[in-house]
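Working notes for the structure below.
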Amino acid sequence: MNRTRFFDHVVLLLGVAFMVGPILVAFLTSTHDPYEIHMKGLMASWGNDFVQTYDKVLFEKGGFTGKVTGLAMLKNSFILGIGFAVGKIVLSMLAAYAIVYFRFRMGVVFFWMIFTTLLLPLEVRILPSYEVMTKLGLVDTYSGLIVPLLASATGTFYFRQFFKSVPEEILEAARIDGAGPFKFFVDILVPLSRNMMAAIFIIMFVYGWNQYLWPMLMTTDEGFFTLVRGIKQILLVWVGAQIPDYNQAFALAVLAMVPPILVVIVFQSWFIKGLTESDK
Amino acid sequence: MKRVQFNRPLLPFLLILPQMAVIVIFFYWPSAQAIQSSFYIEDPFGFGATFVGLSNYHDILTSAEYLKIVNFTVIFTLLVTVLSLSIGLLLAVKADKVIRGSSAYKTLLISVYAVAPPVAGLIGVMFFDQHIGPFVKLAAWFGWEMRVGIDYWDTAITMITISVWKQIPYNFIFFLSGLQGISRSVVEAAAIDCRSPIRRFWTVILPLLSPTAFFLLIINMTYALFDTFGIIDTTVKDKAANNPITLVYKVYMDGFRGNDIGGSSAQSVILMLVVFVLTVFQFRFIERRVHYN
Numbered sequence: 001m002n003r004t005r006f007f008d009h010v011v012l013l014l015g016v017a018f019m020v021g022p023i024l025v026a027f028l029t030s031t032h033d034p035y036e037i038h039m040k041g042l043m044a045s046w047g048n049d050f051v052q053t054y055d056k057v058l059f060e061k062g063g064f065t066g067k068v069t070g071l072a073m074l075k076n077s078f079i080l081g082i083g084f085a086v087g088k089i090v091l092s093m094l095a096a097y098a099i100v101y102f103r104f105r106m107g108v109v110f111f112w113m114i115f116t117t118l119l120l121p122l123e124v125r126i127l128p129s130y131e132v133m134t135k136l137g138l139v140d141t142y143s144g145l146i147v148p149l150l151a152s153a154t155g156t157f158y159f160r161q162f163f164k165s166v167p168e169e170i171l172e173a174a175r176i177d178g179a180g181p182f183k184f185f186v187d188i189l190v191p192l193s194r195n196m197m198a199a200i201f202i203i204m205f206v207y208g209w210n211q212y213l214w215p216m217l218m219t220t221d222e223g224f225f226t227l228v229r230g231i232k233q234i235l236l237v238w239v240g241a242q243i244p245d246y247n248q249a250f251a252l253a254v255l256a257m258v259p260p261i262l263v264v265i266v267f268q269s270w271f272i273k274g275l276t277e278s279d280k
Numbered sequence: 001m002k003r004v005q006f007n008r009p010l011l012p013f014l015l016i017l018p019q020m021a022v023i024v025i026f027f028y029w030p031s032a033q034a035i036q037s038s039f040y041i042e043d044p045f046g047f048g049a050t051f052v053g054l055s056n057y058h059d060i061l062t063s064a065e066y067l068k069i070v071n072f073t074v075i076f077t078l079l080v081t082v083l084s085l086s087i088g089l090l091l092a093v094k095a096d097k098v099i100r101g102s103s104a105y106k107t108l109l110i111s112v113y114a115v116a117p118p119v120a121g122l123i124g125v126m127f128f129d130q131h132i133g134p135f136v137k138l139a140a141w142f143g144w145e146m147r148v149g150i151d152y153w154d155t156a157i158t159m160i161t162i163s164v165w166k167q168i169p170y171n172f173i174f175f176l177s178g179l180q181g182i183s184r185s186v187v188e189a190a191a192i193d194c195r196s197p198i199r200r201f202w203t204v205i206l207p208l209l210s211p212t213a214f215f216l217l218i219i220n221m222t223y224a225l226f227d228t229f230g231i232i233d234t235t236v237k238d239k240a241a242n243n244p245i246t247l248v249y250k251v252y253m254d255g256f257r258g259n260d261i262g263g264s265s266a267q268s269v270i271l272m273l274v275v276f277v278l279t280v281f282q283f284r285f286i287e288r289r290v291h292y293n
């Protein structure tokens, strides 16, 4: 019995090493100077350049991009992550409210129109989407970055499912007490959905933060770059360099990873709830 | 729907309007354009387009290059799906068993979920780097000279490893919650009937997990087909020339690098059909899953 338990731990520890090891090594390597990295390879020890490297990446323009600091990219990443999550929650709650709580013949048609968006991920319709954006003049704007990503059904499904599970009696009671649609939504449905909103916020924040292809096409002005978008720039500079700035590249990668990882770890129970319930 | 509902003629339209506006402008309009331009050849100087019927589709489906990419996409999807599902399942089974430290293991194992694919790609590429990559040194020790970015299969191995790494946490979370949903009495009854834990796993636990596994199968295939874009882009560094790429990357390359709008659109439409089939499978299956519970 003891031996099998020991074996279970060995497997789990190997799994943890495989999963977390690369992140840890990336962080530790970012604290060394590039020549040392070039000579000795990736590092598994703490180096002397932590303050210097991160100071440079966060506050100095240049390095990988000429016009933007790491801090500005961090800000853009937060705008994209939070803007996307909030937009998603607002749009999909309103739509789900209309579909579930109103006698509304067009509701079914609209529901199927929303449902169809599941059939075609953004990656597949990327070129025509880009053309539409240039026609609308939305390239290099925050709304161009965020709003098109909202065109999917996931959130609406999630809230529709949840609203359907809310007991009928609540609406009956509210109507007897004279609550209209607006009051019912704000005073009853929103407070009831608080946990669901938190869960979906976390999933959507991580999803928005991690967007790559869409920001790559939509932002040519470096002032709008997010951290994840900045990764592309690192690689473009990379190709010609003799001894690339490995430390700065890793530092930028670490900055791009830390906020979403923290969100997932700190709000773990909401995150798992959101994930396992939203993808059904 | 609800038995009791509000009865207002205008309000529901107003509530659903923002969502519908976004979907029509940013989903239906571009999708319709993709379908339309797949039947045209665009003039390279922007002087209109010529209707060519199905010739874009014909060109794609007879091109040796495209078929090679189809081939690679199938291999890539299968390997990523099988490997990340089985590693995720193994870790979930072990994490479900241990008592001490289980929440620490869980937290550490799910954290990688939050890493963006291109960031995962960048880190992975460094691990397979010619100068500083430990994996390359390890391979060299066994007499295998890895040249990622130059050798087709070495690059493919890098891509697959990174993609599997990125997807394990997702599968782990779902398998673990599936395992925790199996009732203790079933597990105990099985333990009385059969002494071999491995046989118990195959005959009792795995069949009970099959709804989760089936659902994850589709999700993982969609992941390998579409969400790995960032990983592929960081691994091939814009030089697709000799490197393995998947179908989605090809859509992007032809559309944005090659300016072949008709061809790229026709490829989009082909992928649309693939997603359609996958989604139909998924939903038929989920219908059944409801009956299980």
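Top to bottom, those sequences are chains A and B. For the first sequence, the UniProt record's numbering gives the first residue as 1, with consecutive numbering after it. For the second sequence, the UniProt record's numbering gives the first residue as 1, with consecutive numbering after it. In this text, a Cβ means the ideal position worked out from N, Cα and C, and glycines have one as well. Given the structure is predicted, the values throughout are model-derived calculations rather than measurements.
Nearest to A:Leu94 by C-alpha distance, out of A:Asp177, A:Trp46 and A:Ser193, is A:Ser193.
With respect to chain A, the C-beta atom of B:Ala34 has a partner C-beta closer than 8 Å. By the CB criterion at 8 Å, B:Tyr152 and B:Asn220 fall outside the cutoff. B:Leu54 and B:Phe39 have their C-alpha atoms spaced approximately 6 Å apart.
When DSSP states are grouped into helix, strand and coil, B:Ala49 belongs to the strand group. When the alpha-carbon of B:Val125 is set against those of B:Ala34, B:Thr161 and B:Gly181, the nearest one is in B:Thr161. Contact of B:Pro244 with chain A by beta-carbon distance below 7 Å is absent, the smallest such distance being about 17 Å. The Cβ atoms of A:Asn247 and A:Thr53 lie closer than 8 Å to each other. Residue nearest to B:Leu108 within the set B:Ala116, B:Phe72, B:Ala95 and B:Phe256 is B:Ala95 (criterion: CA-CA distance). Assignment of B:Val148 by DSSP, reduced to helix, strand and coil, places it in the strand class. Counting only unbroken stretches of 4 or more residues, the alpha helix (DSSP H) elements lying wholly within the segment 127-158 of chain A are 142-146, in sequence order. Within the same chain, Ala153 come within 6 Å of A:Leu118 by CB-CB distance, once the 5 residues on both sides are set aside.
Residues of chain B whose Cβ lies closer than 7 Å to the Cβ of A:Ala85 do not exist; the shortest such Cβ separation is about 14 Å. When DSSP reads this structure, B:Phe6 sits in a beta bridge with A:Phe102. Within chain A, Val132 have C-beta atoms less than 7 Å from the C-beta of B:Trp29, given in sequence order. Under the DSSP assignment, B:Glu188 falls in the alpha helix (DSSP H) whose first and last residues are Arg184 to Asp193.
Residue pairing by DSSP places B:Glu65 in no beta bridge whatsoever.
Shown here for A:Ser30: same chain residues with a beta carbon closer than 7 Å to its own, the five before and five after excluded, namely Thr53, Asn247, Phe250, Ala251 and Val254 in chain order. With respect to the 8 Å criterion, B:Phe172 and B:Ile110 are classified as neighbours on the basis of their beta carbons. Taking a Cβ-Cβ cut-off of 8 Å, the neighbours of B:Leu11 in chain A comprise Ala98, Phe102 and Pro181, given in sequence order.
Runs of alpha helix (DSSP H) with 4 or more residues, each lying fully within the segment 121-166 of chain B, are found at 134-141, listed in chain order. For A:Ile37, the nearest CB of chain B lies under 8 Å from its own CB, placing it at the interface with that chain. For B:Glu42, the enclosing beta strand (DSSP E) has its first and last residue at Tyr40 to Glu42. Excluding the 5 residues flanking it on each side, B:Ile245 has same chain C-beta neighbours closer than 8 Å at Ile69, Phe72, Ile232, Val236 and Met253, in chain order. Relative to the Cα of A:Lys135, the nearest Cα in the group B:Gln33, B:Arg199 and B:Gln282 belongs to B:Gln33.
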